[in-house]
Amino acid sequence: MTDFALTTFSSKGKLLQIEYALNAVAKGDTAIGIKAKNGVVLVVEKKQSSILVEESSVQKVALLTDNIAATYAGLGPDFRVLAQQARKLVKKYDLKYQEEIFVQTLSRELAEDVQVATQRGGIRPFGVSILIAGYDEEGPHLVQLDPSGAYYSWKATAIGKQAKNAKAFLEKRYNADMEIEDAINTALLTLKEGFEGQITPTNIEVGVIRDDHVFRILPPSQVKDYLEELE
Amino acid sequence: MSGIFEYNGGSIVGMKGKNCIAMACDRRFGQQMSTITTNYQKVFKIQDNILLALSGLNTDIHTFYALMEKEINLYNLKENRKMKPTTFANLVASALYERRFGPFFVTPIVAGLENGKPILATYDSIGCKSDLDDFQVGGTGGNYIYGACEAFFKPDMSPEELEEVIGQSLVSGCDRDALSGWGGVVYVLTEQKLTVKILKTKQT
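Protein sequences appear in the order of chains A and B. Going left to right, the first sequence walks through residues 1 to 231 as the UniProt record's numbering numbers them. Going left to right, the second sequence walks through residues 1 to 204 as the UniProt record's numbering numbers them.
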């Protein structure tokens with residue numbers, strides 16, 4: 001632990017470490033989120049480096065609480081740490097208020113931790129952008145959290161390698177009256193657009209939350225059905 | 001100090017009605033046998049739909065109330081919304097337990113209306129919360145007020161009936177207790193308004 005900050009301003013007023021962190025995110029596997037009238041869907045690429053990898057052991061959509069989950073683009077271990085931190089924040093809130101935390105509240109509190117990593121001495125920023133999806137009293141939410149600590153609410157968005165193309169695709173496809181089933185199909189279509197190789201139920205992960213406030217990560221059998229529908 | 005909870009004296013009572021709640025307290029602030037003032041506030045409006053009543057050591061009544069005010073104000077600013085009465089009730093329990101080994105010498109009662117439904121909760125001084133269906137008392141005159149409440153209370157009373165019953169129970173109780181009294185204040189909360197009435201008790 002050093003006394004001085006590693007992330008300091010350049011003469012142009014930029015924080016290069018954060019820019020570089022965003023570069024790491026831009027190299028990561030694509031993740032897409034779409035908010036429908038009655039739910040939110042998260043879809044993420046799960047490309048394995050080799051066929052020898054045990055696919056089921058890799059979990060890219062992490063449940064933060066019953067009604068909120070997150071996925072990412074960028075450095076897997078950094079996401080793991082933030083997901084755990086988020087789970088602790090949920091429980092801390094729960095202990096104090098015994099109430100279901102709002103997605104906006106969790107996003108804001110987690111963003112605080114991410115921002116600290118851009119200012120505290122001796123540590124580097126997190127190399128992930130996170131998509132937080134949840135359904136609380138206010139309704140469905142989709143929030144993106146960047147390495148800078150900035151967070152934005154989206155109707156639909158994409159992060160990672162194919163972010164630009166995917167967002168352009170989404171801009172055409174998205175409409176505010178979308179129901180969750182349409183959103184799932186659209187998300188899968190969007191991911192398929194820029195997918196390298198064949199999309200299969202085991203090289204992607206799909207998470208859905210509907211108005212029952214329960215986030216579910218779909219098993220490969222269900223993903224297979226959705227993918228077949230796309231044909 | 002024979003009883004730190006008895007040093008200042010004072011009594012509070014909370015009651016549920018039909019889509020309304022009521023809280024009442026006495027007005028005495030004493031130091032053992034001496035009476036210092038007869039207008040000490042023990043029921044506080046935390047939010048439009050939440051009342052907090054506190055009995056016990058007056059300095060802690062004041063401090064704990066200020067702490068709860070701070071919490072709810074910060075919550076309103078951070079979360080950009082009002083706090084639900086059930087959430088506030090849980091917050092009080094956490095806040096009390098946080099001082100488990102150096103507690104606030106207070107016994108709070110929280111009453112509120114959540115979507116029209118009455119909420120009533122009471123605690124010991126270290127945050128053991130009990131949710132109640134009818135009424136609860138606190139303070140040095142508590143046991144006397146209990147007797148009157150048991151006799152007069154019935155469920156689903158209208159705001160007017162509730163005001164009458166809680167008022168009479170408070171007055172009967174405080175008149176018996178040497179350390180409570182010197183006036184009473186009754187708060188009745190409905191969806192539409194909060195009414196405050198000042199009662200006369202035996203002036204001793």
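Ideal Cβ placement from N, Cα and C applies to all residues, glycine included.
Q) When you compare only the Cα positions, how much space is there between L16(A) and S10(A)? A) As a first step, residue 16(A) is located in the first sequence; it is residue number 16 there, counting from the start. As a first step, residue 10(A) is located in the first sequence; it is residue number 10 there, counting from the start. In a straight line, the C-alpha of L16(A) is about 7 Å away from that of S10(A).
Q) Where does F105(B) fall in DSSP's three states? A) Your numbering for residue 105(B) matches position 105 in the second sequence. Coil.
Q. Can you tell which of Y123(B), D60(B), N49(B) has its C-alpha closest to the C-alpha of T195(B)?
A. Taking the first residue of the second sequence as 1, we reach residue 195(B) at position 195. The shortest C-alpha separation from T195(B) is found at N49(B).
Q) Are the C-beta atoms of E98(A) and some chain B residue less than 8 Å apart? A) For the purposes of this step, residue 98(A) is identified with residue 98 of the first sequence, where counting begins at 1. Glu is not the amino acid found at residue 98(A); the sequence shown has Gln there. True, the Cβ-Cβ gap to chain B drops below 8 Å.
Q. So, is the C-beta of S94(B) closer than 8 Å to a C-beta in chain A?
A. Residue numbering aside, residue 94(B) sits at position 94 when the second sequence is read from its first letter. So, interface residue.
**Q.** Cβ-Cβ distance between P103(B) and I72(B) below 8 Å
**A.** Mapped onto the second sequence, residue 103(B) falls at position 103. Mapped onto the second sequence, residue 72(B) falls at position 72. Contact: no.
Q: In angstroms with no decimal places, state the Cα-to-Cα distance between D60(B) and A111(B).
A: Indexing the second sequence from 1 puts residue 60(B) at position 60. Indexing the second sequence from 1 puts residue 111(B) at position 111. Between D60(B) and A111(B), the C-alpha separation is close to 19 Å.
Q: Using three-state DSSP, classify K202(B) as helix, strand or coil.
A: As a position in the second sequence, residue 202(B) is number 202, starting the count at 1. Looking at K202(B) - three-state DSSP - the assignment turns out to be coil, as it is neither helix nor strand.
Q) Should E45(A) go down as buried or exposed, given a rule of 16 or more other Cβ atoms within 10 Å for buried? A) For the purposes of this step, residue 45(A) is taken as the residue at position 45 of the first sequence. So E45(A) counts as buried.
Q) How many Å lie between L131(A) and V206(A) at the Cα? A) Reading the first sequence from its first residue, position 131 is the one you call residue 131(A). Reading the first sequence from its first residue, position 206 is the one you call residue 206(A). In a straight line, the C-alpha of L131(A) is about 13 Å away from that of V206(A).
Q. To which residues does DSSP link D136(A) through a beta bridge?
A. On the first sequence, residue 136(A) is found 136 positions in, with the first residue counted as 1. G139(A).
Q. Can a CB atom of chain A be found closer than 8 Å to the CB of L161(B)?
A. Numbered from 1 along the second sequence, position 161 holds the residue referred to as residue 161(B). Here the sequence assigns Glu to residue 161(B), which means Leu is not the residue at that position. For E161(B), the answer is no, since every Cβ of chain A falls outside 8 Å of its Cβ.
**Q.** Runs of alpha helix (DSSP H) wholly within the stretch 66 to 119 of chain B (minimum 4 residues, chain order)
**A.** 85 to 97
Q. Going along the stretch 87 to 112 of chain B in order, which residues come within less than 7 Å of chain A, judged by CB to CB distance?
A. Hits within the stretch, in order: T87, N90, L91, S94.
Q) Using the beta-carbon count (16 or more within 10 Å), is I4(B) buried or exposed? A) Here residue 4(B) refers to the residue found at position 4 when the second sequence is read from its first residue. I4(B) comes out exposed.
Q: Could you say if the stretch 7 to 25 of chain B and the stretch 211 to 231 of chain A meet the contact criterion of at least three C-beta pairs nearer than 8 Å?
A: no
Q: Report the option in K200(B), F88(B), L57(B) whose CA atom is closest to the CA atom of Y7(B).
A: Looking up residue 7(B) in the second sequence gives position 7. Distances from the CA of Y7(B) to each of K200(B), F88(B), L57(B) were compared; the closest alpha carbon is that of L57(B).
Q) If we count Cβ pairs, one from each stretch, closer than 8 Å, do we get three or more for the stretch 47 to 60 of chain A versus the stretch 135 to 147 of chain A? A) no
Q. Can the beta-carbon of L191(A) be found less than 8 Å from the beta-carbon of V25(A)?
A. Start at 1 with the first residue of the first sequence, and residue 191(A) comes out as number 191. Start at 1 with the first residue of the first sequence, and residue 25(A) comes out as number 25. No. Outside cutoff.
(Q) Just to make sure I have the definition right: I need the residues of chain B whose C-beta is within less than 9 Å of the C-beta of F102(A). Which are they? (A) Locating residue 102(A) in the first sequence gives position 102, where the first residue counts as 1. The contacting residues are E79, R81.
Q. From which residue to which residue does the alpha helix (DSSP H) around S221(A) run?
A. Translated into positions along the first sequence, residue 221(A) becomes position 221. It spans 220 to 230 - the alpha helix (DSSP H) in which S221(A) sits, taken as one unbroken run.
**Q.** Close Cβ partners of L218(A) (< 6 Å) along its chain, the five nearest in sequence each way excluded
**A.** Numbered from its first residue, the first sequence carries residue 218(A) at position 218. Contacts found: V206.
Q. Is there a Cβ from chain B that is less than 8 Å from the Cβ of T105(A)?
A. For the purposes of this step, residue 105(A) is taken as residue 105 along the first sequence, with counting starting at 1. T105(A) counts as touching chain B.
Q: Identify whether D131(B) lies in helix, strand or coil by the three-state DSSP scheme.
A: By 1-based counting over the second sequence, the position of residue 131(B) is 131. Reduced to three states, the DSSP call for D131(B) is strand.
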